[in-house]
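Each residue of the sequence shown is one higher than the one before, counting from 0 in numbering that gives the first Met the number 0. Glycine is no exception: its CB is placed at the ideal position from the N, C-alpha and C atoms.
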Amino acid sequence: MKEKIQLGLKENWRQFTLLVIINAFVGGMVGLERTIIPEIAEVDFGMAGKTAILSFIVVFGIVKAFTNYFTGALADKLGRKNLLTLGWLIGLPVPIILIFAPSWGWIIFANVLLGVNQGLTWSSTVVMKIDLVGERNRGLAMGLNESAGYLAVGGVAFLTGWIAAEYGLRPYPFYLGIGFAVIGLLSSWFLVKDTKHHVAVEKKTSGLTKLENVFWETTWKDNNLGSVTQAGLVNNLNDGMVWGLLPILLTTKGFNLEQVGTIVALYPAVWGIGQLLTGKLADIFIKKKMLFWGMAGQAVALLLMAVADSFLQFTLLAIALGVGTAVVYPTFLAAIADYAHPGQRAESIGVFRLWRDLGYAVGALLTGIIADFFGIHWAVAAIGGLTMISSMIIAVRMEGKSVPGQI
């Protein structure tokens, strides 16, 4: 007997929960690098220039961004599950390369593979969850998805910092990654079911008009989709700066590796936990308001971080930055899903994630150059200013309600 396809979180909770768990392993793969790769660059390979050190984030961001796009474009043709499984196959060698890398070039190569892994796996879990839950709980779905991923980023960033402080930078912190990749691959291969039939059901009831050109309208032409996309790029631009420069900035303040790991981990941890609440709020409140206040909050935190000195100050600002990011992150994806036709949703999400994750590369490259020429503090302040400009674009350009009943 053919299984009846229904949309909804309650109706699909088993597959949804499985995808949340898998995305935690996806986030864990990024968390491996969050605290200690800049330290490895300086200690193991004698690199001093901030632009050179941040090259691994530039490569990661570019590769992940374009993989996001092709994942969205190919999702309907090749199947979400197949792309998810392929992503884990490509991610398997990453922790092993990071353990044995004899030169910085190998670290760069590992980040090429990690970028492909993240683009395929994270994009697939995002699209599949949106497929499963339907219109009513998209924000909650994205909150749970992104929360699992970024809690794992923060948790693993803390763990790797602690392990490195106790046992050295390599190899022990990266053993975690081998476990993540193996479990992620096996669970995706044997347990995940594709969601193409759920998309077919939603197409029959959707009242949205199809976009004439998904790429350009999602990129900028459509007032709503374009506003969300530019904010996504700026959000990851500042995250790329925090990823690459914050550990170095904290080291110059005299903090030890364990203290650095605590602050660096706190930001994605708050970001992750916060999305358990903010994701659902995105189903209740107008998404324009959520995006404006979240981006403005990030901007203020970054501007103050440029002049902070004490461990307490950095701790509070890391929390504030995490809150601001938690407000916008699930809202980005829920808003794209609201404004895109179900038949074009995967592709539109892919375009958004292309530009959003190019922000990693732009942020790392831009802040590296500013830091090398003017100093780290100026780099942090400059990115804070750009984030404030992004919030103003949302305020001026984006429309209000996207789903009836939001307040």
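Can you round the beta-carbon distance between residue i and residue j to whole angstroms, since I take them to be within the 8 angstroms contact cut?
i	j	result
Phe-55	Ile-36	6 angstroms
Asp-356	Lys-63	5 angstroms
Leu-131	His-196	Contact flag wrong, Cβ pair sits at about 11 angstroms.
Gly-90	Asn-116	3 angstroms
Trp-103	Met-46	7 angstroms
Leu-8	Asn-136	5 angstroms
Thr-386	Met-294	6 angstroms
Pro-246	Gly-321	So it is not a contact: roughly 16 angstroms between Cβ atoms.
Leu-143	Val-19	5 angstroms
Trp-105	Ile-96	6 angstroms
Leu-210	Glu-216	5 angstroms
Thr-324	Asn-234	7 angstroms
At which residues does the alpha helix (DSSP H) containing residue i begin and terminate?
i	result
Ile-272	256-283
Phe-313	310-338
Val-126	103-132
Tyr-171	Element bounds for Tyr-171: n/a, residue is neither H nor E.
Phe-44	Unbroken run through Phe-44: none, as it is neither H nor E.
Trp-219	Trp-219 -> no alpha helix (DSSP H), and no H or E assigned at all.
Glu-201	195-202
Thr-34	Careful: Thr-34 lies outside any alpha helix (DSSP H) and carries neither H nor E.
Lys-252	Taken as a continuous stretch (DSSP letters only), Lys-252 belongs to no alpha helix (DSSP H), as it is neither H nor E.
Gly-362	344-373
Ser-54	54-77
Using the three-state DSSP reduction, which class does residue i fall into: helix, strand or coil?
i	result
Gln-5	coil
Ile-406	coil
Arg-135	coil
Val-19	helix
Ile-182	helix
Val-306	coil
Pro-92	coil
Ser-390	helix
Met-141	helix
Met-294	helix
Met-0	Confidence at Met-0 is low in this model, with a pLDDT of 42, below 50, so its placement is unreliable and the value that follows should be read with caution. Reduced to three states, the DSSP call for Met-0 is coil.
Trp-215	helix
Gly-206	coil
Asn-11	coil
Gly-399	coil
Pro-341	coil
Leu-407	In the structure as shown, the chain starts at 0 and stops at 406, and residue 407 therefore has no counterpart that could be examined.
Val-191	coil
Ala-100	coil
From the beta carbon of residue i, is the nearest beta carbon of chain D less than 7 angstroms away?
i	result
Leu-248	The structure shown contains no chain D; it is built from a single protein chain.
Between the options, which has its C-alpha nearest residue i's C-alpha?
i	options	result
Glu-398	Ala-163, Gly-104, Arg-352 and Ile-285	Ile-285
Leu-184	Ala-307, Ile-162, Phe-59 and Asn-81	Asn-81
Val-111	Ala-360, Gly-142 and Leu-385	Ala-360
Thr-70	Val-350, Asp-371 and Ile-393	Val-350
Trp-12	Val-191, Glu-201 and Ile-348	Val-191
Ile-61	Gly-383, Gly-358 and Ala-109	Gly-358
Thr-228	Ile-348, Ala-300 and Val-306	Ile-348
Arg-33	Phe-373, Val-233 and Ala-156	Ala-156
Pro-92	Ile-39, Val-181, Leu-265 and Ala-164	Val-181
Asp-337	Gly-167, Met-141, Ser-122 and Leu-265	Met-141
Ser-309	Ser-122, Ile-392, Thr-251 and Gly-114	Thr-251
Thr-218	Gln-343, Ala-394 and Leu-353	Leu-353
Leu-31	Ile-375, Ile-98 and Glu-10	Ile-98
Val-57	Leu-236, Leu-249, Ala-339 and Leu-302	Leu-236
Gly-167	Thr-84, Glu-38, Glu-10 and Leu-302	Glu-38
Thr-314	Glu-346, Leu-265, Arg-344 and Gly-296	Leu-265
Lys-203	Gly-362, Ala-164, Val-306 and Gly-342	Gly-342
Pro-170	Gly-206, Ser-122 and Ala-100	Ala-100
With respect to 6 angstroms, is the separation between the Cβ of residue i and the closest non-hydrogen atom of the ligand HEM below this value?
i	result
Ala-333	Annotation note on the ligand HEM: not contained in the displayed structure, which lists no ligands.
Do the stretch 270-279 and the stretch 216-225 make contact, defined as three or more Cβ pairs closer than 8 angstroms?
They do not touch, by the three-pair rule.
Count Cβ pairs between the stretch 39-54 and the stretch 146-162 that sit closer than 8 angstroms; are there 3 or more?
As far as the Cβ criterion goes, the stretch 39-54 does not touch the stretch 146-162, which means the pair count is below three.
Stretch-stretch touch, CB-based, cutoff 8 angstroms, three pairs: the stretch 287-306 with the stretch 330-341:
In this structure the stretch 287-306 touches the stretch 330-341; the number of beta carbon pairs closer than 8 angstroms is three or more.
Is the stretch 360-379 close to the stretch 235-248, with three or more CB pairs under 8 angstroms?
By the C-beta criterion, the stretch 360-379 is judged to be in contact with the stretch 235-248, since at least 3 inter-stretch pairs fall below 8 angstroms.
How do the stretch 158-172 and the stretch 258-268 stand: do at least 3 beta-carbon pairs fall below 8 angstroms, yes or no?
In short, these stretches touch, since the Cβ pair count reaches three.
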